[in-house]
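Here the working numbering = 1-based position in the sequence shown + 9.
Report on the structure given below.
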Amino acid sequence: MPARRLAVALAVVALALAGCAAPVQQTTPDEPATATSSAPSSAPVGGDLESFYGQDISWSACGDFECATVTAPLDWTDLSAGTISLALERRPADDQANRIGSLLINPGGPGSSGIDFLQYVTTSVVGADVLAAYDVVGFDPRGVGKSSAVSCGPDSQVDAYLTADRPIHSQADLDAVRAEATTFGQECLDDTGALLGHVDTVSAAKDMDLIRAVLGDDQLHYLGFSYGTFLGSTYAELFPDKVGRLVLDGALDPSLTNDEVSLQQAAGFEQALHSYVSYCMATSGCPLTGTVEQGMQQIADLVDRAEQRPIDAGNGHTVNGSLAFYGVIVTLYNDDYWPLLTSALSEAIVQNTASQLLEYADVYLDRTVDGQYLSNSNLAFQAINCLDYPTTTRDYQQMVAFRDEIAKVAPTFATWFAMSPGCETWPFQSQRTPAPVHAAGAAPILVIGTTGDPATPYEWAQALASQLDSGVLLTWKGEGHTAYGRAGSCISDAVETYLLKGTPPPAGTTCG
């Protein structure tokens, strides 16, 4: 089935669309929420740090892999505030006698499961020599999946919030959307508890150092994709002396504000859509007509039409504007799946039905067609981003002005990236100030950028590699999100030589 094939392609989960989520806030059911999260970079007080770093880890059989749980502080600034659980799975190295150590992996999101990613990365991404040399360890970051996780109530409640169309055409509309977001945030807080205020990336990076120590490694070896590069670069900034071999593929620029992320990501998807439409019009069966710009407008018109009058998707289901947007966008993460978008657009434009767009939207949302969610990735995305990125509060006219600014570089879907209150009503507000990272004294760190990456534009990889004192940029001239595992032997050989020998490719190496 196309959706299944698409799901495999999206095993490396992209940075979720910055302007599309409506983040909210949360507390424990039995205690009130505070207005802000604790500042995670403060020195820890209370408790005993050694009791965490000195814990024993116990592995048990878990299907094809081994499972374990690590206990971490809820609040790294107050070790006495309680604990959380971090779930791990590993594939032991094939050559235990000569193993280098553990290789932690993160697929991105934020909010994606490293445990769910383990099977894919060890069968379809990492080569045999690396599998012989490393225990590959997937973990669910705090707030995610099998670790202590963010929750926002029953699936029916979550689905109603995540998939609704909320057009904003006035200040009254904006006020109503904010009120709905406030209510949803409070429901997340009631359901999740104090954890909701402690799922920031700095805390997750400190968890990674704990995992490193508990696994018995002197240095952290790490493979991170998309948001996983932000987690990895944060770790390097906090623990430069513990940096081993870090691969950061599909990089985020940690110095960007939330507005800058939204604008530049919108431009990235605009570029990717332009490339797709050019491809579509050069192949048979393309339902788009006229110039490339006219073809892009036809896609925008389809999404707008779905918002105004949901399209029948069969079996009692319909596709509204939000679902149509997700169904289009998700296929742009990998150019191998452009033919799937052509098929879906043909169905929607020619037949006026949208069963395929619904399939693809379900892949993006990680849910079944009946609205059952297979993970909490969307909820964790919202909670983590709201602690990582301060939000600009705008009135309706200011929001329209921001949309118009985005439209200058990304006219097709500017509204979807701009017209949302974002994290304004989330109970816990970000205490982070976006800034460059340097990781002074760290070993060489390999940063990979793809020139046609829609979700993490190539310029972000260039920026991160230049910020890191020991950053080395590896470029793939290609389309889609991330490179390692789908860009051929030039990228794979460079990455795996680095993982095995610690030697990065020459600075400026370009593949493709």
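In this text, a Cβ means the ideal position worked out from N, Cα and C, and glycines have one as well.
These numbers come from a predicted model, not from an experiment.
Item	Value
Beta strand (DSSP E) containing H447: first to last residue?	From DSSP, H447 is part of no beta strand (DSSP E); its letter is neither H nor E.
Between V145 and the rest of its own chain, which residues show a CB-CB distance below 6 Å, the 5 nearest in sequence each way excluded?	R100, L112 and T131
Would you kindly report the start and end of the unbroken beta strand (DSSP E) that includes I114?	G110 to N115
Taking D313 as the reference, which of T292, M290 and V337 has the closest Cα?	V337
Please go through the segment 288–374 and give each complete beta strand (DSSP E) segment of 3 or more residues, from N-terminal end onward.	320–323 and 326–328
Could you name each continuous alpha helix (DSSP H) segment of 4 residues or more that falls completely within the segment 249–289, going from the start of the chain to the end?	none
Could you spell out the range, first to last residue, of the alpha helix (DSSP H) harbouring G194?	Q180 to T201
Does the separation of the CB atoms of S67 and C76 fall below 7 Å?	no
Could you spell out where the beta strand (DSSP E) holding F437 opens and where it closes?	Here F437 belongs to no beta strand (DSSP E), and DSSP marks it neither H nor E.
Taking Cβ positions, are A444 and S264 nearer each other than 7 Å?	yes
Would you call C71 buried or exposed, if buried means 16 or more other Cβ atoms sit within 10 Å of its Cβ?	exposed
So, at 6 Å on beta carbons, what are the nonlocal neighbours of K215 in its own chain, with the 5 sequence-adjacent residues on each side left out?	W85
If you follow the beta strand (DSSP E) that V79 is in, where does it begin and where does it stop?	F74 to P82
Hey, out of Q105, A81 and I177, whose CA is closest to R403's CA?	I177
Can you tell me whether C395 is helix, strand or coil according to DSSP?	helix
Locate the alpha helix (DSSP H) running through D168, then write down its first and last residues.	D164 to T172
Just the C-alpha distance for Q195 and Y398, rounded to the nearest angstrom, thanks.	19 Å
Please classify P49 as buried or exposed, where buried requires at least 16 neighbouring CB atoms within 10 angstroms.	Note that P49 scores a pLDDT of 41, beneath 50, so its modelled location is shaky and nothing firm can be said.
Terminal residues of the continuous alpha helix (DSSP H) containing F148?	That residue, F148, is in no alpha helix (DSSP H); its beta strand (DSSP E) goes Y143 to F148.
Quick check: what's the CA-CA separation for T424 versus A452?	42 Å
Does the segment 223–233 touch the segment 247–258, meaning 3 or more C-beta pairs lie closer than 8 Å?	yes
Using a threshold of 7 Å, state whether the C-beta atoms of P150 and Y236 are closer than that.	no
Would you kindly work out how many angstroms separate the C-alpha atoms of L247 and A419, rounded to a whole number?	35 Å
Provide the residue(s) that pair with S69 in DSSP beta bridges, ordered along the chain.	C76
How big is the Cα-Cα spacing for L482 and G450?	18 Å
Am I right that A309 and A333 are in contact with their C-beta atoms under 8 Å? What's the rounded C-beta distance?	Wrong, their Cβ atoms sit about 10 Å apart, outside the cutoff.
Where does K486 sit, in a helix, a strand or coil, going by DSSP?	strand
Note down, in chain order, each residue of its chain lying with its Cβ closer than 6 Å to the Cβ of L388, except the 5 sequence neighbours on either side.	V159 and C161
If you drop the 5 nearest sequence neighbours on each side, which residues of the same chain put their C-beta closer than 6 Å to that of G56?	L88 and S89
Using only alpha-carbon positions, find the residue among S475, T421, M428 and G458 that is nearest to V446.	S475
Please look up how many angstroms separate the CB atoms of W469 and L261, rounded, as I've assumed it's under 8 Å.	6 Å
Just the C-alpha distance for F61 and L97, rounded to the nearest angstrom, thanks.	16 Å
Rounded to whole angstroms, what is the Cα-Cα separation between T442 and L205?	19 Å
Check C499 in the structure and name its three-state DSSP category.	helix
Need the endpoints of the alpha helix (DSSP H) that L247 sits in, please.	Y236 to L247
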